[in-house]
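Chemist: Numbering (the working numbering), first residue to last: 11 to 579. For glycine and all other residues, C-beta sits at the position ideal for the given N, C-alpha and C.
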Amino acid sequence: MFKKYLKYALLVTMLSAAGKTVSAQNSTPEKPYSQQLKNIEVFLRKGDYKQAMDSLDAITLRYPKADDVYFTKAVLFGQMRNADRALEEVNKALEIDPKNEYLSFNIDVNKGKGDIQSAIRSLDILMNKEHVNVAALNREKIMLLFNNEQKEEAFTLYKNVREKAGATDTLDVIGATLLLDKNDFPAVINVLEPWANKKSTLAQVYSQLAQAYRENKEAKKSVTILNAGVLNTKDDYLFLDLADEYRLSGKGKLSFDYLKQAFSSKTIDFSEKNRIILSLLAPNSSFTLDQAQELANILVDMHPRVAESHVAKGQVNWMRNDLVGAQSSFSIAVGINPYQIDAWRMLMNVDLAMEQYDQAIAHGGEALHNIPNNPVLLYFSSIAYTLKGNYELARNLMEAALNNGQNENAIFQSNIYSGLGDIYHSLKMESASDVAYREAIHLDSTNVSAMNNLAYYLSLRNQDLEDAALFAETANKLRPNDATLEDTYAWVLFKQGKYADALVWIEKAIKNSNTISAVLLEHYGDILIKNKKPAEAMKQWKLALNRGGKSEIDLDKLKEKINTKSYVE
Numbered sequence: 011m012f013k014k015y016l017k018y019a020l021l022v023t024m025l026s027a028a029g030k031t032v033s034a035q036n037s038t039p040e041k042p043y044s045q046q047l048k049n050i051e052v053f054l055r056k057g058d059y060k061q062a063m064d065s066l067d068a069i070t071l072r073y074p075k076a077d078d079v080y081f082t083k084a085v086l087f088g089q090m091r092n093a094d095r096a097l098e099e100v101n102k103a104l105e106i107d108p109k110n111e112y113l114s115f116n117i118d119v120n121k122g123k124g125d126i127q128s129a130i131r132s133l134d135i136l137m138n139k140e141h142v143n144v145a146a147l148n149r150e151k152i153m154l155l156f157n158n159e160q161k162e163e164a165f166t167l168y169k170n171v172r173e174k175a176g177a178t179d180t181l182d183v184i185g186a187t188l189l190l191d192k193n194d195f196p197a198v199i200n201v202l203e204p205w206a207n208k209k210s211t212l213a214q215v216y217s218q219l220a221q222a223y224r225e226n227k228e229a230k231k232s233v234t235i236l237n238a239g240v241l242n243t244k245d246d247y248l249f250l251d252l253a254d255e256y257r258l259s260g261k262g263k264l265s266f267d268y269l270k271q272a273f274s275s276k277t278i279d280f281s282e283k284n285r286i287i288l289s290l291l292a293p294n295s296s297f298t299l300d301q302a303q304e305l306a307n308i309l310v311d312m313h314p315r316v317a318e319s320h321v322a323k324g325q326v327n328w329m330r331n332d333l334v335g336a337q338s339s340f341s342i343a344v345g346i347n348p349y350q351i352d353a354w355r356m357l358m359n360v361d362l363a364m365e366q367y368d369q370a371i372a373h374g375g376e377a378l379h380n381i382p383n384n385p386v387l388l389y390f391s392s393i394a395y396t397l398k399g400n401y402e403l404a405r406n407l408m409e410a411a412l413n414n415g416q417n418e419n420a421i422f423q424s425n426i427y428s429g430l431g432d433i434y435h436s437l438k439m440e441s442a443s444d445v446a447y448r449e450a451i452h453l454d455s456t457n458v459s460a461m462n463n464l465a466y467y468l469s470l471r472n473q474d475l476e477d478a479a480l481f482a483e484t485a486n487k488l489r490p491n492d493a494t495l496e497d498t499y500a501w502v503l504f505k506q507g508k509y510a511d512a513l514v515w516i517e518k519a520i521k522n523s524n525t526i527s528a529v530l531l532e533h534y535g536d537i538l539i540k541n542k543k544p545a546e547a548m549k550q551w552k553l554a555l556n557r558g559g560k561s562e563i564d565l566d567k568l569k570e571k572i573n574t575k576s577y578v579e
């Protein structure tokens, strides 16, 4: 759970990676843009990514053959988790000069994207170049083949390399990974025990050996070998393995104590800690939200200039219903990295939850200034304007989200269409609203919001009541015991003249409502009167009259119902 072995994701630390690139350029003063690169390094150290990127763009515009600048841009995009742009920029650098470091970065980006076959092709090119570590590249290729489901080919290459070049602990760790996948735990023990006995300084020897012991029903040996590993390697990553061992043996306090030690380590990569925080927020986590909060606080203390650390803390705050804390954390994150789309999305979501619509609109404008035409940011900005009641601006933004979101997944596109349905309805564009809702349902057959709203609006107009009933019924199956959905279904049944069924569903809605609205009470009275229960209907209508406002219900119509003791269409 806590530790992943032999990570092959795109993990780029901006200040060190870009700093090294820039510093390398500084050693070549004959380049006309050397001083500009020095200035960019200053921007990066200040966290001013936008200014750094603008300056790099200016250099490549003037010097289109500046391969080192394209590479620096690639590293910057890598840090911003924009793998496509990172790959685009590093490939520009490779076209100009196929340097080894460019190929290595290309391999990393392709691995991060999951395009293993492209990574293997680049690796094969790199292996044929001079001044490369063939042993390390062979190990890399074994794992790439393994991750590309070419497992037998990977195992054959491992055995061949071991036979020709000799056994090493680094190579045998790779071999152990292949054997663990085969569930051949005795073979893992046979391969790795000699290295542990020799006090190898490679942490993976002990972590994989511990895993093999555990799977081989030798739990005590697992803890013993990990403690030996801590002494022999001084590698803090083994704290994560110890946390796992104690968690699996039901010793939660010891497990959490080792997690805290790991989070306080300066040598454990941020991404590893961040992954653990997210795992603790899963529904089946064995740790409490208070414990997740404690770890998130340590994460921010240890990595204060990493935007994602504040995003993680914000997510924990959100889960703990600390909206003010979440808002603060996400605000810090976008201040550090204004290109962090998820941070902007979460910040706007918190704004909306706190009903701070003007704040959400302002944040949306700032986000779109940094990341123009992003469909996610356009969507949330539109939602903010919708809740603010500015439907024309909301429409423009949601339609822009649709136009820019053609490559997004079907679920997100469904949400866009559902949002358009809401906006068009508010603008009295009923036909367009119906079409948008139906498209939302077509794209996502579990879009409860679109089903419910379409069913309710159709019932209000007495149109397509059979479709309305089907949508409302499906919505209730997908999300049972939801008072809003039950009220809609009751009202559709009422419009169909199925008064007894409508009464069953409206009473479910009343039972499941935390706060009973005037609309729900009025509907209850309408259904009761059609079920020949006038006294009970009058009671509900009067309650609705006392509770309702002009914006919620038609008071004049409700008074007419009470005065005439009958339903008024």
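Can you look up residue 381 in the DSSP assignment and give me helix, strand or coil?
Modeler: Position 371 of the sequence shown, counted from the first residue, corresponds to residue 381. Residue 381: coil per DSSP, three-state reduction.
Chemist: From residue 436 to residue 442, what distance separates their C-alpha atoms?
Modeler: Here residue 436 is taken as the residue at index 426 of the sequence shown, counted from 1. Here residue 442 is taken as the residue at index 432 of the sequence shown, counted from 1. Going from the Cα of residue 436 to the Cα of residue 442 covers about 11 Å.
Chemist: Compute the distance between the beta-carbons of residue 312 and residue 276, then report whether it is under 8 Å.
Modeler: In the sequence shown, residue 312 corresponds to position 302, counting from 1. In the sequence shown, residue 276 corresponds to position 266, counting from 1. Yes, the Cβ-Cβ distance between residue 312 and residue 276 is below 8 Å.
Chemist: Just tell me which of 395, 71, 365 has its CA closest to the CA of residue 371.
Modeler: Residue mapping note: residue 371 aligns to position 361 of the sequence shown, counting from 1. Selected option, being the one with the closest Cα: 395.
Chemist: Keeping to the same chain, check which residues put their C-beta closer than 8 Å to that of residue 218; ignore five residues upstream and five downstream.
Modeler: On the sequence shown, residue 218 is found 208 positions in, with the first residue counted as 1. Cβ within range, chain order: 15, 183, 186, 187, 190, 198, 202.
Chemist: Between which two residues does the alpha helix (DSSP H) carrying residue 102 extend?
Modeler: Residue mapping note: residue 102 aligns to position 92 of the sequence shown, counting from 1. Where residue 102 is concerned, the enclosing alpha helix (DSSP H) stretches over 93-106.
Chemist: Tell me whether the segment 488-498 and the segment 517-526 touch, counting them as touching only if at least three CB pairs, one residue from each stretch, are closer than 8 Å.
Modeler: Segments in contact, yes.
Chemist: Sorted by chain position, which residues of the same chain lie with C-beta nearer than 8 Å to residue 347's C-beta, five sequence neighbours on each side aside?
Modeler: Sequence index remark: in the sequence shown, residue 347 carries index 337 (1-based). Excluding positions up to five away in sequence, the list reads 57, 59, 90, 317, 353.
Chemist: Residue 112: which of 385, 136, 123 sits nearest, CA to CA?
Modeler: Here residue 112 refers to the residue found at position 102 when the sequence shown is read from its first residue. It is 136.
Chemist: Determine the DSSP secondary structure at residue 320, reduced to helix, strand or coil.
Modeler: Stepping through the sequence shown from its first residue, residue 320 is reached at position 310. Here residue 320 sits in helix by DSSP.
Chemist: Short of 8 Å in beta carbon distance, which residues of its chain neighbour residue 562, apart from the five on each side in sequence? Order them along the chain.
Modeler: In the sequence shown, counting from the first residue as 1, residue 562 sits at position 552. Excluding residues within five positions, the ones whose Cβ falls inside 8 Å are 527, 528, 529.
Chemist: Return helix, strand or coil for residue 491, following the three-state DSSP convention.
Modeler: Taking the first residue of the sequence shown as 1, we reach residue 491 at position 481. Note: residue 491 maps to coil in three-state DSSP.
Chemist: Taking the continuous alpha helix (DSSP H) assigned at residue 531, which residues delimit it?
Modeler: What you label residue 531 is simply residue 521 of the sequence shown in a count that begins at 1. Its alpha helix (DSSP H) spans residues 528-540.
Chemist: Ignoring anything shorter than 4 residues, give me the alpha helix (DSSP H) runs that lie fully in the segment 297-370, in order along the chain.
Modeler: 299-312, 317-329, 333-346, 351-363, all fully within the segment 297-370.
Chemist: What separation, rounded to the nearest whole angstrom, lies between the Cα atoms of residue 569 and residue 534?
Modeler: Stepping through the sequence shown from its first residue, residue 569 is reached at position 559. Stepping through the sequence shown from its first residue, residue 534 is reached at position 524. The straight-line gap from Cα to Cα measures roughly 15 Å.
Chemist: If contacts are defined as beta-carbon pairs under 8 Å, then residue 133 and residue 161 qualify, I think. What distance do you get, rounded to the angstrom?
Modeler: Taking the first residue of the sequence shown as 1, we reach residue 133 at position 123. Taking the first residue of the sequence shown as 1, we reach residue 161 at position 151. About 17 Å separates the two Cβ atoms, so there is no contact after all.
Chemist: Which residue's Cα is closest to the Cα of residue 491: 474, 356, 515?
Modeler: Residue 491 sits at position 481 when you count from the first residue of the sequence shown. If we check each option's Cα against that of residue 491, 515 comes out closest.
Chemist: Verify whether the separation of the beta carbon atoms of residue 426 and residue 411 is less than 8 Å.
Modeler: Taking the sequence shown and counting its residues from 1, one reaches residue 426 at position 416. Taking the sequence shown and counting its residues from 1, one reaches residue 411 at position 401. Taking 8 Å as the Cβ cut-off, residue 426 and residue 411 qualify as a contacting pair.
Chemist: Could you name each continuous alpha helix (DSSP H) segment of 4 residues or more that falls completely within the segment 151-221, going from the start of the chain to the end?
Modeler: 161-175, 179-191, 195-207, all fully within the segment 151-221.
Chemist: Whole angstroms is fine: what's the gap from residue 279's alpha carbon to residue 428's?
Modeler: Within the sequence shown, numbered from 1, the residue matching residue 279 stands at position 269. Within the sequence shown, numbered from 1, the residue matching residue 428 stands at position 418. One C-alpha to the other measures close to 40 Å.
Chemist: Does DSSP classify residue 37 as helix, strand or coil?
Modeler: As a first step, residue 37 is located in the sequence shown; it is residue number 27 there, counting from the start. Because residue 37 sits at a pLDDT of 46, beneath the cut-off of 50, its placement in the model cannot be relied upon, and the following sentence gives the value as read from the coordinates. Coil, per DSSP.
Chemist: With H, G and I counted as helix, E and B as strand and the rest as coil, what does DSSP make of residue 373?
Modeler: Numbered from 1 along the sequence shown, position 363 holds the residue referred to as residue 373. If DSSP states are grouped into helix, strand and coil, residue 373 belongs with the helices.
Chemist: In chain order, which beta strand (DSSP E) runs of at least 3 residues are fully inside the segment 48-93?
Modeler: Entirely contained in the segment 48-93, not one beta strand (DSSP E) run reaches 3 residues.
Chemist: For residue 26, collect the residues of the same chain with a Cβ closer than 7 Å to its Cβ; drop the 5 residues on either side in sequence, then sort them by chain order.
Modeler: In the sequence shown, counting from the first residue as 1, residue 26 sits at position 16. Unreliable placement is indicated for residue 26, whose pLDDT of 32 sits below 50; the coordinate value is still reported in the next sentence. For residue 26, where only same-chain residues beyond five positions count, there are no Cβ hits under 7 Å.
Chemist: So, at 6 Å on beta carbons, what are the nonlocal neighbours of residue 485 in its own chain, with the 5 sequence-adjacent residues on each side left out?
Modeler: In the sequence shown, counting from the first residue as 1, residue 485 sits at position 475. The answer, listed in chain order, is 458, 461, 462, 495.
Chemist: Does the beta-carbon of residue 579 have 16 or more other beta-carbons within 10 angstroms, so that it is buried, or is it exposed?
Modeler: Along the sequence shown, read from residue 1 onward, the residue named residue 579 stands at position 569. So residue 579 ends up on the exposed side.
Chemist: Is it the case that the Cβ atoms of residue 287 and residue 306 are separated by a distance below 8 Å?
Modeler: The residue given as residue 287 occupies position 277 in the sequence shown. The residue given as residue 306 occupies position 296 in the sequence shown. Yes, they are a contact pair.
Chemist: Grab the span of the alpha helix (DSSP H) containing residue 401 for me, first residue to last.
Modeler: As a working note, residue 401 is residue 391 in the sequence shown. Counting along the chain, the alpha helix (DSSP H) containing residue 401 begins and ends at 401-414.
Chemist: According to the neighbour-count rule (16 or more other Cβ atoms, all chains shown, within 10 Å of its Cβ), is residue 630 buried or exposed?
Modeler: In this structure the chain extends from 11 to 579, so residue 630 is not present and cannot be described.
Chemist: Ignore the nearest five residues each way along the sequence and tell me which others in residue 541's own chain have a CB closer than 7 Å to its CB.
Modeler: Counting from 1 along the sequence shown, the entry for residue 541 is found at position 531. For residue 541, where only same-chain residues beyond five positions count, the Cβ hits under 7 Å are 509, 510, 513.
Chemist: For the segment 461-490, list the beta strand (DSSP E) runs that are entirely contained and at least 3 residues long, ordered along the chain.
Modeler: Correct list: empty.
Chemist: Between residue 309 and residue 337, how many whole angstroms is the CB-CB distance? I'm expecting something under 8 Å.
Modeler: Locating residue 309 in the sequence shown gives position 299, where the first residue counts as 1. Locating residue 337 in the sequence shown gives position 327, where the first residue counts as 1. Not confirmed; about 18 Å, so no contact.
Chemist: Count the other CB atoms, across all protein chains shown, that sit within 10 Å of the CB of residue 399; report buried if there are 16 or more and exposed otherwise.
Modeler: Working through the sequence shown from its first residue, we reach residue 399 at position 389. Residue 399 should be labelled exposed.
Chemist: Give me the residue from 86, 272, 294 with the minimum Cα distance to residue 284.
Modeler: In the sequence shown, residue 284 corresponds to position 274, counting from 1. Selected option, being the one with the closest Cα: 272.
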